[in-house]
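Asker: This note's numbering applies: residue 1 is where the sequence shown begins, and numbers increase by one. Note that CB positions come from ideal geometry on N, CA and C, so glycine has one too. Quick caveat, the model's predicted, so the values are computed rather than measured. Okay, handing you the structure first.
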Amino acid sequence: MAGYISTIISFLVISFFMNYATRMSNKIIDPNGQGEITLKLNRMYSIVGYVSIVFFLTLEIIFSFSAEFNWGFFSISSILIILGIILILGGKFYRIILSSEGITQYSFLNKYSFIKWDEITQISFNSLSQEVKVRSQFKGIKIHTHMVGFENFIEIIKTNVEKKLFKKSMNIFQ
1 MAGYISTIIS
11 FLVISFFMNY
21 ATRMSNKIID
31 PNGQGEITLK
41 LNRMYSIVGY
51 VSIVFFLTLE
61 IIFSFSAEFN
71 WGFFSISSIL
81 IILGIILILG
91 GKFYRIILSS
101 EGITQYSFLN
111 KYSFIKWDEI
121 TQISFNSLSQ
131 EVKVRSQFKG
141 IKIHTHMVGF
151 ENFIEIIKTN
161 VEKKLFKKSM
171 NIFQ
């Protein structure tokens with residue numbers, strides 16, 4: 001019975017997260033004073049990161065006082081804490097800026113990559129990772145479908161890039 005309840009709760013939490021992420025990605029972002037549109041990761045990613053860190057750090061502290069030390073548990077929970085930190089950093093720094101010149105991506109380490117509109121050689125969509133990859137000859141930028149304002153990206157890319165650069169499987173741009 002407990003297995004069914006945890007499965008139902010997991011399903012509801014994941015459904016809520018996916019629904020919220022989809023609604024936020026459909027949100028239209030207004031340009032700033034310079035005419036740029038900034039897409040950011042959904043706030044839910046940072047929240048999941050904080051919850052992950054607090055939860056697994058608490059478990060590590062509690063289990064460190066037990067008589068039996070389990071390296072496997074501590075290894076896995078430490079990895080999940082690191083992933084939580086990455087989610088928080090992504091929520092804070094990861095962003096895509098769409099301007100009249102091109103696309104700028106800031107990574108979760110706050111490093112940036114820029115591709116001009118006329119340098120784009122290919123655009124593809126990976127349905128498994130839910131990411132659009134924009135490529136130039138030497139660089140690549142990934143835009144996740146859960147980015148707040150993803151609909152802005154779709155409209156801007158359709159007006160600034162030739163249709164022949166879209167792969168045939170890209171029904172996301174229809």
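1. For the beta strand (DSSP E) holding K116, just list the boundary residues, first then last.
2. So the alpha helix (DSSP H) G90 belongs to, where does it begin and stop?
3. Report the CB separation of I47 from I85 in whole angstroms; it is logged as a contact under 8 Å.
4. What are the boundary residues of the alpha helix (DSSP H) that S136 is part of?
5. Measuring alpha carbon to alpha carbon, tell me which residue in E101, I115, F138 and I96 is nearest F150.
6. Determine the direct distance from the alpha carbon of D118 to that of V161, and round the result to whole angstroms.
7. Short of 8 Å in beta carbon distance, which residues of its chain neighbour N152, apart from the five on each side in sequence? Order them along the chain.
8. Could you check which residue in V148, I157 and K163 has the C-alpha nearest to that of N19?
9. Would you check if the distance between the CB atom of I115 and the CB atom of S100 is smaller than 7 Å?
10. Rounded to a whole number of angstroms, what is the C-alpha to C-alpha distance between I88 and I157?
11. Taking Cβ to Cβ, would you say H146 is nearer than 7 Å to N26?
12. If you draw a straight line from the C-alpha of M24 to the C-alpha of Q130, how long is it?
13. With DSSP as the reference, label G102 as helix, strand or coil.
14. With 7 Å set as the bound, which would you pick, yes or no: does the beta-carbon of L128 sit closer than that to a beta-carbon of chain C?
15. By Cβ distance, which residues of its chain are closer than 8 Å to L80, with the 5 residues on each side in sequence left out?
16. Report the residue ranges of all alpha helix (DSSP H) runs contained in full by the segment 19-65; include only those spanning at least 4 residues, in chain order.
17. F108: which of T121, L128, I9 and L83 sits nearest, CA to CA?
Answerer: Quick look at the numbers:
1. Along the sequence shown, one-based indexing puts residue 116 at 116. From DSSP, the beta strand (DSSP E) with K116 extends over Y112 to K116.
2. Working through the sequence shown from its first residue, we reach residue 90 at position 90. Element bounds for G90: W71 to F93.
3. In the sequence shown, residue 47 corresponds to position 47, counting from 1. In the sequence shown, residue 85 corresponds to position 85, counting from 1. No, I47 and I85 are not in contact; Cβ-Cβ is about 14 Å, not under 8 Å.
4. Position 136 of the sequence shown, counted from the start, is the residue given in the question as residue 136. Premise fails: S136 is in no alpha helix (DSSP H) and is neither H nor E.
5. Here residue 150 refers to the residue found at position 150 of the sequence shown. Checking every option, the nearest Cα to that of F150 belongs to I96.
6. Position 161 of the sequence shown, counting from 1, holds the residue named residue 161. Position 118 of the sequence shown, counting from 1, holds the residue named residue 118. When rounded, the distance between both Cα atoms is 7 Å.
7. What you label residue 152 is simply residue 152 of the sequence shown in a count that begins at 1. Here N152 has I28, I29, I37, L39 and L98 as same chain residues with Cβ atoms under 8 Å from its own Cβ, once five neighbours each way along the sequence are excluded.
8. Numbered from its first residue, the sequence shown carries residue 19 at position 19. Among V148, I157 and K163, the Cα nearest to that of N19 is on V148.
9. Taking the sequence shown and counting its residues from 1, the one referred to as residue 115 is at position 115. Taking the sequence shown and counting its residues from 1, the one referred to as residue 100 is at position 100. Result no, Cβ atoms of I115 and S100 do not sit closer than 7 Å.
10. Translated into positions along the sequence shown, residue 88 becomes position 88. Translated into positions along the sequence shown, residue 157 becomes position 157. Straight-line spacing of the CA atoms in I88 and I157 works out to 28 Å.
11. The residue you call residue 146 lines up with position 146 of the sequence shown. The residue you call residue 26 lines up with position 26 of the sequence shown. Going by C-beta atoms, H146 is not nearer than 7 Å to N26.
12. As a first step, residue 24 must be located in the sequence shown, where it is residue number 24. As a first step, residue 130 must be located in the sequence shown, where it is residue number 130. About 15 Å.
13. Sequence index remark: in the sequence shown, residue 102 carries index 102 (1-based). Strand at G102.
14. In the structure shown, chain C does not exist; there is a single protein chain.
15. Along the sequence shown, read from residue 1 onward, the residue named residue 80 stands at position 80. Cβ within range, chain order: S52 and F56.
16. Restricted to the segment 19-65, the alpha helix (DSSP H) segments that are unbroken, complete and at least 4 residues in length are 43-64, listed in chain order.
17. As a working mapping, residue 108 is identified with position 108 in the sequence shown. The candidate whose alpha carbon is nearest that of F108 is L83.
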